[in-house]
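Asks: Sharing a structure here in structure tokens format.
Residue numbers (the working numbering): 692 to 960.
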């Protein structure tokens, strides 16, 4: 074999190995930045909230909190952020309980007592399983509000693109984990090639065919406010955007979020 061919093959092999190693390293860093699984397994303390388990189609067992809705009230299927810990969601539970609304809040795989390991594909299966649980209980799609916060907004959008519901609520939503990573990486780095779990909500929101409510604090230090505006622009009508002046990433429930959601639900009927 000619020497130049040997050199060419060596260079190609070196570049291929370098690309593989780079992608592996980037995915490891992105994984640590995207998923913050919490090991604690607190029991629900709010009245009317019980612990249940959900079986996914790919064999994982999810822990979830469940609160039944009063007659005529919707059930919120809530997907939390990447640091999900259910005992931090007491303001949400109190706001829903005060209105007689129901709740199903699953812990993602690898989080708070659930089996498995976090991934975008896995979270999508978790969302499908949680939705199927409500349907199996007899909750009609028209009584389900799919609600996602932060990373959970990406999970919610993907589910809403393929399942019927009364409305989709996006709280502090992102256009995608990939977009956030790209904003913080040098321009020459091909993050789209390197990342596996991209959570590109912007690719799914246009497939949602029922009312969409978007809420974002304009002082959000985690997900840029402009991403909430972009998700709203991409959503179909009917839709509503709520800007919370001075609102941070996790304090919208204390700023009247649920008052605004229920007003929207009443107007979107």
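Yeah, the Cβ is synthetic: ideal placement off N, Cα and C, and Gly gets one too.
1) Please list the terminal residues of the continuous alpha helix (DSSP H) segment that includes residue 915.
2) According to DSSP, is residue 931 part of a helix, a strand, or is it coil?
3) Assuming residue 794 and residue 769 form a contact by the criterion Cβ under 8 Å, report the distance between their Cβ atoms to the nearest whole angstrom.
4) Under 8 Å between the Cβ atoms of residue 864 and residue 774?
5) Cα separation between residue 894 and residue 929?
6) Judging by CA-CA distance, which residue of 835, 806, 839 is the nearest neighbour of residue 856?
7) May I have the straight-line CA-CA distance separating residue 765 from residue 734, to the nearest angstrom?
8) Between residue 756 and the rest of its own chain, which residues show a CB-CB distance below 6 Å, the 5 nearest in sequence each way excluded?
9) Should residue 780 go down as buried or exposed, given a rule of 16 or more other Cβ atoms within 10 Å for buried?
10) Once DSSP output is grouped into helix, strand and coil, what is the label at residue 797?
11) Relative to the C-alpha of residue 850, which residue among 868, 832, 823, 818 is closest?
12) Express the C-alpha separation of residue 742 and residue 899 in angstroms, rounding to a whole number.
13) Counting along the chain, where does the beta strand (DSSP E) carrying residue 742 start and finish?
14) Under 8 Å between the Cβ atoms of residue 651 and residue 859?
15) May I have a chain-ordered list of the beta strand (DSSP E) segments no shorter than 3 residues that lie completely inside the stretch 795-857?
16) Can you tell me which of the three DSSP states residue 716 falls into?
Replies: Taking the structure as given:
1) As a first step, residue 915 is located in the chain shown; it is residue number 224 there, counting from the start. It is not in any alpha helix (DSSP H) - residue 915 carries neither H nor E in the DSSP assignment.
2) Against the chain shown, residue 931 aligns to sequence position 240. Strand.
3) Here residue 794 refers to the residue found at position 103 of the chain shown. Here residue 769 refers to the residue found at position 78 of the chain shown. Going by Cβ atoms, the distance from residue 794 to residue 769 rounds to 6 Å, so yes, they are a contact pair.
4) Within the chain shown, the letter at position 173 stands for residue 864. Within the chain shown, the letter at position 83 stands for residue 774. No, these two residues do not count as a Cβ contact at 8 Å.
5) In the chain shown, the residue the question calls residue 894 occupies position 203. In the chain shown, the residue the question calls residue 929 occupies position 238. One C-alpha to the other measures close to 19 Å.
6) The residue you call residue 856 lines up with position 165 of the chain shown. With distances taken between Cα atoms, residue 856 lies closest to 835.
7) Taking the chain shown and counting its residues from 1, one reaches residue 765 at position 74. Taking the chain shown and counting its residues from 1, one reaches residue 734 at position 43. Near 24 Å, if we compare the C-alpha coordinates of residue 734 and residue 765.
8) Within the chain shown, numbered from 1, the residue matching residue 756 stands at position 65. Non-local C-beta neighbours of residue 756 in its own chain, meaning closer than 6 Å and more than five positions away in sequence, comprise 735, 740, 777, 796, ordered along the chain.
9) The count along the chain shown starts at 1 and reaches residue 780 at position 89. Per the 10 Å Cβ criterion, buried.
10) In the chain shown, the residue the question calls residue 797 occupies position 106. Three-state result, residue 797: strand.
11) On the chain shown, position 159 is the one that residue 850 refers to. Closest by alpha carbon: 818.
12) Numbered from its first residue, the chain shown carries residue 899 at position 208. Numbered from its first residue, the chain shown carries residue 742 at position 51. Cα to Cα, the separation comes out at about 30 Å.
13) One-based indexing of the chain shown puts residue 742 at position 51. It spans 740-746 - the beta strand (DSSP E) in which residue 742 sits, taken as one unbroken run.
14) The displayed coordinates of the chain run from 692 to 960. Any statement about residue 651 would go beyond what the structure contains.
15) 835-840
16) The sequence position of residue 716 within the chain shown is 25, counting from 1. The predicted model places residue 716 with a pLDDT of 44, which falls under 50 and marks its position as unreliable; any figure quoted below should be read in that light. In this structure, residue 716 counts as helix in the three-state DSSP scheme.
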